[in-house]
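K.L.:
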Amino acid sequence: EELIVKTLGKTATALAAGAGSSRKEWTTAFKDALRDMGKERDLEVWASLPPDQKDGKASSEWLLDLCWVRCDHKDWRRLSRMVLACEMEWNSDDDSLLEDFLKLTVVDSDWRLFVFTARPGKTADQFTLLRHACPDSCGKRYLAIGVEGPQIEFDAWTL
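In my numbering, the protein residues as written are 4 to 162.
Put into structure tokens, the structure is as follows:
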């Protein structure tokens, strides 16, 4: 959890300092960072991304913006566990946030990560909106990261 926040914080800082300003640039940079983290843990990473610079493999999305999964014998047909489920939303209105966040509430995954555009001065309200959208569920872990330029705020909870 701390490593995800730290890594995405560095990514946000680098993007804000450079010319990276489009949604596509932010999405690709965050997905690249998460892909690297997943592969370092010997997980399969499923996300729409160009080929990895290290192994030349491209990947595609499956259900969500990004997933870390375990597959027996590295065979995608033998999916055994979803470790991380991630959705990203760059529109900051409540309906757009909920439309993507609610997908995470029904996924069986060890971690549910939601990255979104924070409204200036309203990030705490956005976190409250997300928490209240969670159905009562035992043991589900959520990490939400609000991004506002180089600054990120995070909230984590278990239900």
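For each residue, glycine too, the CB sits at the ideal point set by N, CA and C.
Please report how far the alpha carbon of Cys141 lies from the alpha carbon of Pro123, in whole angstroms.
P.N.:
For this step, residue 141 is matched to residue 138 along the sequence shown. For this step, residue 123 is matched to residue 120 along the sequence shown. Rounded to whole angstroms, Cys141 to Pro123 spans 32 Å at the Cα level.
K.L.:
Can you confirm whether the region 127-147 touches the region 92-106 when touching is taken to mean that 3 or more C-beta pairs between the two stretches lie within less than 8 Å?
P.N.:
Taking 8 Å as the limit for Cβ pairs, the verdict is that the region 127-147 does touch the region 92-106.
K.L.:
Give the DSSP bridge partners of Ile7, in chain order.
P.N.:
The residue you call residue 7 lines up with position 4 of the sequence shown. Answer is none; Ile7 lacks a bridge partner.
K.L.:
Is there contact here, the region 9-28 with the region 80-88, by at least three beta-carbon pairs under 8 Å?
P.N.:
Flag = no, the region 9-28 and the region 80-88 do not touch.
K.L.:
For Leu37, which option in Val48, Lys125 and Ser24 has the closest C-alpha, if you only look at C-alpha atoms?
P.N.:
Here residue 37 refers to the residue found at position 34 when the sequence shown is read from its first residue. The shortest Cα separation from Leu37 among Val48, Lys125 and Ser24 belongs to Val48.
K.L.:
Please report the Cβ distance between Val72 and Val118, rounded to the nearest whole angstrom; I am assuming they are in contact, meaning their Cβ atoms lie under 8 Å.
P.N.:
As a first step, residue 72 is located in the sequence shown; it is residue number 69 there, counting from the start. As a first step, residue 118 is located in the sequence shown; it is residue number 115 there, counting from the start. Val72 to Val118, Cβ: 19 Å. No contact.
K.L.:
Can you have a look at Leu107 and say buried or exposed, based on whether 16 or more other CB atoms are within 10 angstroms of its CB?
P.N.:
Here residue 107 refers to the residue found at position 104 of the sequence shown. Buried, since its Cβ has 16 or more Cβ neighbours within 10 Å.
K.L.:
Taking C-alpha atoms, which residue in Asp111, Ala32 and Cys137 lies nearest to Ala159?
P.N.:
Counting from 1 along the sequence shown, the entry for residue 159 is found at position 156. Of the listed residues, the one whose Cα sits closest to Ala159 is Cys137.
K.L.:
What is the C-beta distance between Arg134 and Trp114, in whole angstroms, given that I count them as a contact (C-beta under 8 Å)?
P.N.:
As a working note, residue 134 is residue 131 in the sequence shown. As a working note, residue 114 is residue 111 in the sequence shown. Not really, about 16 Å apart at Cβ, beyond 8 Å.
K.L.:
Is Ser25 helix, strand or coil by DSSP?
P.N.:
The residue you call residue 25 lines up with position 22 of the sequence shown. Looking at Ser25 - three-state DSSP - the assignment turns out to be coil, as it is neither helix nor strand.
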